[in-house]
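All residue numbers for the sequence shown refer to the numbering used here, where the first residue is 94 and numbers rise by one.
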Amino acid sequence: MSFALIALFIAFGAAGWLLFRLAGNREEGGERSMTVMKVVVWLALTAALLAAKLWPLAFMVLLAAGGVTAIEAWRARAGPAETGEEAPRAPPARRMSEDEALAVLGLDAGAGPEDVRAAYRKLIAQLHPDKGGTDYLAAKINEARDLLLRRLGD
């Protein structure tokens with residue numbers, strides 16, 4: 094039996110084993126199944142190249158497969174800052190109380206709608222994300238303004 098037939102048999106056997114394992118783990122996510130399918134395709138391509146006695150090309154395909162798999166694994170584990178994606182935002186844990194809203198805007202309990210608007214404008218001018226503030230602070234200031242204006246009926 095020639096080396097090419099042995100390589101072909103091993104590659105297709107490994108591809109079949111991966112497909113069998115994939116079929117047994119259907120409850121797992123689609124990302125893993127795509128990775129397994131890519132490995133199967135790489136193995137089949139390598140086996141075909143080995144059978145055609147194109148050794149250098151088969152070796153390059155194996156190197157490329159390893160590189161692509163390593164890059165995909167790194168991207169899957171990398172944080173959003175490293176990959177350029179936006180970080181997922183956490184939902185607000187709880188609603189802001191009226192006392193918290195007054196404290197955020199630096200107001201007293203008897204403040205009217207105009208006081209709320211003036212305090213909001215002053216704070217957002219200083220803490221807006223475009224002015225060096227954070228999204229979190231701007232969201233808190235907006236939430237405080239909205240809650241107080243709703244409570245005041247304005």
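Think of the CB as a built atom: it goes at the ideal place given N, C-alpha and C, for glycine as much as any other residue.
Using beta-carbon positions only, say whether residue 193 and residue 244 come within less than 8 Å of one another.
In the sequence shown, counting from the first residue as 1, residue 193 sits at position 100. In the sequence shown, counting from the first residue as 1, residue 244 sits at position 151. Taking 8 Å as the Cβ cut-off, residue 193 and residue 244 do not qualify as a contacting pair.
How close, in whole Å, do the beta carbons of residue 200 and residue 212 come, if the pair is a contact with beta carbons under 8 Å?
By 1-based counting over the sequence shown, the position of residue 200 is 107. By 1-based counting over the sequence shown, the position of residue 212 is 119. Right, the Cβ-Cβ distance comes to about 6 Å (below 8 Å), so this counts as a contact.
Return the chain-ordered ranges of every alpha helix (DSSP H) run that is complete within the region 208-244 and spans a minimum of 4 residues.
Entirely contained in the region 208-244, the alpha helix (DSSP H) runs reaching 4 residues are, in chain order, 228-244.
Rounded to whole angstroms, what is the Cα-Cα separation between residue 170 and residue 135?
Here residue 170 refers to the residue found at position 77 when the sequence shown is read from its first residue. Here residue 135 refers to the residue found at position 42 when the sequence shown is read from its first residue. Distance between the alpha carbons of residue 170 and residue 135: 22 Å.
If distances are taken between C-alpha atoms only, which option among 131, 164 and 139 comes closest to residue 102?
Numbered from 1 along the sequence shown, position 9 holds the residue referred to as residue 102. Of the candidates 131, 164 and 139, the one whose C-alpha sits nearest the C-alpha of residue 102 is 139.
Can you give the beta carbon distance from residue 198 to residue 168, rounded, assuming they're within the 8 Å contact cut?
Within the sequence shown, the letter at position 105 stands for residue 198. Within the sequence shown, the letter at position 75 stands for residue 168. Contact flag wrong, Cβ pair sits at about 42 Å.
How close, in whole Å, do the beta carbons of residue 217 and residue 231 come, if the pair is a contact with beta carbons under 8 Å?
Numbered from 1 along the sequence shown, position 124 holds the residue referred to as residue 217. Numbered from 1 along the sequence shown, position 138 holds the residue referred to as residue 231. At roughly 7 Å, the Cβ-Cβ gap stays under 8 Å, so residue 217 and residue 231 are in contact.
What is the DSSP secondary structure of residue 201, counted as helix, strand or coil?
Counting from one through the sequence shown, the residue named residue 201 turns up at place 108. DSSP places residue 201 in coil when its eight states are reduced to three.
Tell whether a beta-carbon distance below 8 Å holds between residue 206 and residue 242.
Here residue 206 refers to the residue found at position 113 of the sequence shown. Here residue 242 refers to the residue found at position 149 of the sequence shown. Yes, the pair counts as a contact, with Cβ atoms nearer than the cut-off.
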